[in-house]
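Participant:
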Amino acid sequence: MSHGIIITPGLAPRALNVPPVAAHDAGFPHLARRRAQLAIAATIVAFLGIAGQLTRLALLGQDRQTVSISAPLATGFARPDIVDRNGRLIAADVAMPSLYADPSIVINRDELVEKLARVLPDLDTAALRTSLADRSKRFVWIRRGLSPAVAEQVFHLGEPSLDFRYELRRSYPSGSRAGHLIGQVDIDNRGRSGLERHLDDKGLVEPVHGAAPSSRPPVRASLDIGVQHALEDELQAAMTRYRSQAASAVVLDAATGEVLAAASLPGVDPLNAGEFLDPARVDRLAGGSYELGSIMKAFTVAMAVDAGQAGLETRLDVSKPIEADGYTIKEKHAPDAPLTLAEILARSSNVGVGILALQAGAERQRAYFERFGLSQEITTEAGAVPAPRLPARRGDIETVTLSYGHGIAAAPLQVAAAMAALVNGGLRVSPTFLMRQPATTSSERILSPATSEAMRVMLRGVVTDPHGTGRKADVPGLDIGGKTGTAEMPKAGGYDKGKVIASFLAAFPMSAPRYVTLLSLFEPQGTDETKGEMTAYYNAAPATGRLISRIAPLLGVFPPRP
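Using this note's numbering, read the sequence shown as starting at 730 and increasing by one per residue.
1) Three Cβ pairs or more, each shorter than 8 Å: is that satisfied between the stretch 1200 to 1209 and the stretch 1092 to 1101?
2) Under the DSSP definition of a beta bridge, which residues are partnered with V812?
3) Touching or not, the stretch 836 to 856 and the stretch 879 to 886, by the rule of three or more beta carbon pairs under 8 Å?
4) Give a yes or no on contact between the stretch 1098 to 1113 and the stretch 1070 to 1080, applying the rule of three or more CB pairs nearer than 8 Å.
5) Kindly list the residues whose CB is nearer than 8 Å to the CB of L777, restricted to its own chain and excluding five residues on each side of it in sequence; keep chain order.
6) Please classify V1186 as buried or exposed, where buried requires at least 16 neighbouring CB atoms within 10 angstroms.
7) Would you kindly work out how many angstroms separate the C-alpha atoms of L828 and G1003, rounded to a whole number?
8) Taking 7 Å as the cut-off, decide whether the C-beta atoms of L1142 and L1014 are in contact.
9) Indicate whether Q974 and E1252 have their beta-carbon atoms separated by less than 7 Å.
10) How would you label P1178, buried or exposed, when you count the other beta carbons within 10 angstroms and need 16 or more for buried?
11) Please specify which runs of the beta strand (DSSP E), each continuous and at least 3 residues long, are wholly inside the stretch 950 to 1015, giving them in chain order.
12) DSSP on F1028, reduced to helix/strand/coil?
13) Measure the C-alpha to C-alpha separation of G1274 and K1201 and round it to an integer number of angstroms.
14) What residue from A1066, D1054 and I1073 has the CA that sits closest to G716's CA?
15) Identify which residue in G986, A992 and G955 has its Cα closest to the Cα of M968.
16) Taking 7 Å as the cut-off, decide whether the C-beta atoms of I1277 and F1237 are in contact.
17) Are the stretch 905 to 921 and the stretch 984 to 1000 in contact at 8 Å, needing three or more beta carbon pairs?
18) Tell me the residue span of the beta strand (DSSP E) that contains G1040.
19) Note down, one range per segment and in chain order, each alpha helix (DSSP H) of at least 4 residues found wholly within the stretch 828 to 889.
20) Mapping DSSP to helix, strand and coil, what is K1212?
21) Run through the stretch 1115 to 1142 for me and flag every whole alpha helix (DSSP H) of 4 or more residues, listed as ranges in chain order.
22) Would you identify the three-state DSSP class for K1220, choosing helix, strand or coil?
23) To the nearest angstrom, how far is it from the Cα of K1026 to the Cα of D953?
24) Taking only the alpha-carbon atoms, compute the straight-line gap between P1064 and P1167 and give it to the nearest angstrom.
25) Thinking C-alpha only, which one of G874, A878, S876 and D839 is nearest S860?
26) Can you give me the Cβ contacts of G918 inside the same chain, cut-off strictly under 8 Å, excluding the 5 residues immediately before and after it?
27) Could you check which residue in I871, K866 and I819 has the C-alpha nearest to that of V842?
28) Out of L1151, D1054, G1102 and E963, which one is the CA nearest neighbour of T1128?
29) Within the same chain, show all residues whose beta-carbon is closer than 7 Å to that of A1216, passing over the 5 residues directly before and after it, in chain order.
30) For H753, which residues from the same chain have a beta carbon less than 7 Å from its beta carbon, with the 5 sequence-adjacent residues on both sides left out?
31) Any Cβ of chain B within less than 7 Å of the Cβ of L933?
32) Which partner residues of R898 appear in the DSSP bridge assignment?
33) Quick check on DSSP: helix, strand or coil for D917?
34) Whose C-alpha, out of L857, K1220 and E1099, is nearest the C-alpha of F1028?
35) I1280 by DSSP, collapsed to three states: which one?
36) Contact check, A976 vs L964 under 8 Å by CB: the rounded distance?
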């Protein structure tokens, strides 16, 4: 019997012997395709959502490397260390945090600026608000070279728009000591003045990104930090004691010209750029020219001896005034008898050296000033030293006044270097702030050995002679010699008798001079101790004695044992 469809009146047709599910499965290929398409679409949408979220999170939370690539970061410079002659650290690079902001994610600009101002009181809040207003920016410097303590305070503000990157910054362990000499660097760690500028000029610095330190060996300065500390302490004490407005001093090696200590007070902090622009803090040792008064008499006497014009026992009558071009030069306290050359120097006789200068003549005087290096500019590793200022006219009166230091202005550093030739056997030296490798003496002779020997005797006499103007500089056993100088300071139309520069130029030990010093006090005041006087006899000479007694042991110079 075959199967078929049975039609019953009034009833819907139905399949016989066919399971009910068979009718559903008849459309399976179409439904499966639809389901697969929906699943694929859902998966794609999910992945697009995840990718979009990851992108958004990445933009909100970029790491420091990504910011560094997109931000306009300045290139810094790695610098070698500077050490003193004994290897003690003077200047070094350190990695320090610099603060920046991402304006695009700043939530509340005013609140952020107020928080930062509490941590950084000198912050330019108006400028920062303007910078943060541009939300298209991704990077704005706020402060470069923060101290770790300040950086920690900023970190605890909890502002997600703030972050740090590390850069090289210069550190000076001795603070402002030798500040004028060391100089300064700019915000990118490039040298701007002093020895720091010298490193750049010599190609010893390297451009870097981030805080990669220099691999170069340290640069060895000629300074002795121990002597530098002693010099500045004594110089500050002298300023206070004699109520001077400023002071300068230098200690240099008489044979090599190496500067072991140098200072001009008020000093400058290498980390404070504004102090280098303060007129009150100008470098009075090497940055300007000054009349130093009777110190120049030592060079006039040396000229006369070297030219064979006079000797130790030469006597001159200084009781009579000098007439020159209508001017009269006379002694303040004329002696009763002629003075020897040594006595002329010891008593600082204007007439005595004036006679010597007139006998030599203007041309010989000019030639010897050139020999001593007192007529042209010199350059050191810390920068150029201005040329001495001399009168354009050289008549008899100028020849006389130049002989005792009136009308010639020079940098104290340059005068100290010239003094070295008077005592070291007659050899010219050039001042240097770096160790000479190897340490060498000059071979350029500007005075005969006999002249230098005579000068050592006479300069020692300035300190030991009962009438010597430098006798307050004497320190038993240290054999100090030198010359005082007191010069009135110039003003419009002439000189100010109430303002002077008091100086003492010294060398020690005079039996075999190793070191030269020059100490100057600018505008010292008369005190009870000085009996109201402002001259170098009362202030610069004793201050030099105290300085040398302190630094001599540091330099290996000791009084002989009893």
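Just so you know, even glycine gets a beta-carbon here, dropped at the ideal spot from N, CA and C.
Facilitator: Reading it off the structure:
1) In short, these stretches do not touch, since the Cβ pair count stays below three.
2) Start at 1 with the first residue of the sequence shown, and residue 812 comes out as number 83. Bridge partners of V812: L818 and R949.
3) The stretch 836 to 856 is in contact with the stretch 879 to 886.
4) Of all C-beta pairs linking the stretch 1098 to 1113 to the stretch 1070 to 1080, fewer than three are shorter than 8 Å, placing the two stretches out of contact.
5) Here residue 777 refers to the residue found at position 48 when the sequence shown is read from its first residue. Within the same chain, L777 has no close Cβ partners at all.
6) Working through the sequence shown from its first residue, we reach residue 1186 at position 457. It counts as exposed.
7) Position 99 of the sequence shown, counting from 1, holds the residue named residue 828. Position 274 of the sequence shown, counting from 1, holds the residue named residue 1003. Cα to Cα, L828 sits roughly 22 Å from G1003.
8) Locating residue 1142 in the sequence shown gives position 413, where the first residue counts as 1. Locating residue 1014 in the sequence shown gives position 285, where the first residue counts as 1. Judged by beta-carbon spacing, L1014 lies within the 7 Å limit of L1142, meaning their Cβ atoms are closer than that value.
9) Taking the sequence shown and counting its residues from 1, one reaches residue 974 at position 245. Taking the sequence shown and counting its residues from 1, one reaches residue 1252 at position 523. Yes; because the gap between Cβ atoms is below 7 Å, this pair is in contact.
10) Position 449 of the sequence shown, counted from the first residue, corresponds to residue 1178. Counting Cβ neighbours within 10 Å, P1178 comes out exposed, since fewer than 16 surround it.
11) List check, beta strand (DSSP E) in window: 975 to 982 and 988 to 994.
12) Here residue 1028 refers to the residue found at position 299 when the sequence shown is read from its first residue. DSSP, read as helix, strand or coil, puts F1028 in helix.
13) Stepping through the sequence shown from its first residue, residue 1274 is reached at position 545. Stepping through the sequence shown from its first residue, residue 1201 is reached at position 472. Whole-angstrom Cα-Cα distance: 7 Å.
14) Here the chain has residues from 730 to 1291 only, and residue 716 is not among them.
15) Along the sequence shown, one-based indexing puts residue 968 at 239. Closest in alpha carbon position to M968, among G986, A992 and G955, is A992.
16) In the sequence shown, counting from the first residue as 1, residue 1277 sits at position 548. In the sequence shown, counting from the first residue as 1, residue 1237 sits at position 508. Taking C-beta atoms as the reference points, I1277 and F1237 count as a pair closer than 7 Å.
17) Touching, yes.
18) In the sequence shown, counting from the first residue as 1, residue 1040 sits at position 311. Where G1040 is concerned, there is no enclosing beta strand (DSSP E), because DSSP gives it neither an H nor an E.
19) Whole alpha helix (DSSP H) segments, 4+ residues: 838 to 848, 854 to 862 and 877 to 884.
20) Counted from its first residue, the sequence shown places residue 1212 at position 483. Strand at K1212.
21) Listed in chain order, the complete alpha helix (DSSP H) runs (minimum 4 residues) inside the stretch 1115 to 1142 are 1125 to 1132.
22) Counting from one through the sequence shown, the residue named residue 1220 turns up at place 491. The answer is strand: DSSP assigns K1220 an E or B state.
23) Numbered from 1 along the sequence shown, position 297 holds the residue referred to as residue 1026. Numbered from 1 along the sequence shown, position 224 holds the residue referred to as residue 953. Taking the straight line joining both Cα atoms gives about 31 Å.
24) Reading the sequence shown from its first residue, position 335 is the one you call residue 1064. Reading the sequence shown from its first residue, position 438 is the one you call residue 1167. So the alpha carbons of these two residues sit roughly 50 Å apart.
25) Looking up residue 860 in the sequence shown gives position 131. Here the closest residue by C-alpha is D839.
26) Mapped onto the sequence shown, residue 918 falls at position 189. Inspection of the sequence shows that residue 918 is occupied by Asn rather than by Gly. Here the set comprises G805, F806, A807, R808, D822, E896, L897, R898, R899 and V934.
27) To locate residue 842, count along the sequence shown from 1; it is residue 113. The shortest C-alpha separation from V842 is found at I871.
28) Against the sequence shown, residue 1128 aligns to sequence position 399. It is D1054 whose Cα lies nearest to the Cα of T1128.
29) Here residue 1216 corresponds to residue number 487 of the sequence shown, with the count starting at 1. Within the same chain, A1216 has close Cβ partners E1020, L1021, G1022, G1134, V1229 and I1230.
30) Within the sequence shown, residue 753 is the residue found at index 24, counting from 1. At H753 the pLDDT is 45, less than 50, meaning the model places this residue with poor confidence and gives no usable figure here.
31) In the structure shown, chain B does not exist; there is a single protein chain.
32) Along the sequence shown, one-based indexing puts residue 898 at 169. Answer is V823.
33) As a position in the sequence shown, residue 917 is number 188, starting the count at 1. For D917, the three-state secondary structure derived from DSSP is coil.
34) Residue mapping note: residue 1028 aligns to position 299 of the sequence shown, counting from 1. Shortest Cα-Cα distance from F1028 to any of L857, K1220 and E1099 involves E1099.
35) Residue mapping note: residue 1280 aligns to position 551 of the sequence shown, counting from 1. I1280: helix per DSSP, three-state reduction.
36) One-based indexing of the sequence shown puts residue 976 at position 247. One-based indexing of the sequence shown puts residue 964 at position 235. Between A976 and L964 the beta-carbon gap is near 5 Å, inside 8 Å, which marks them as a contact.
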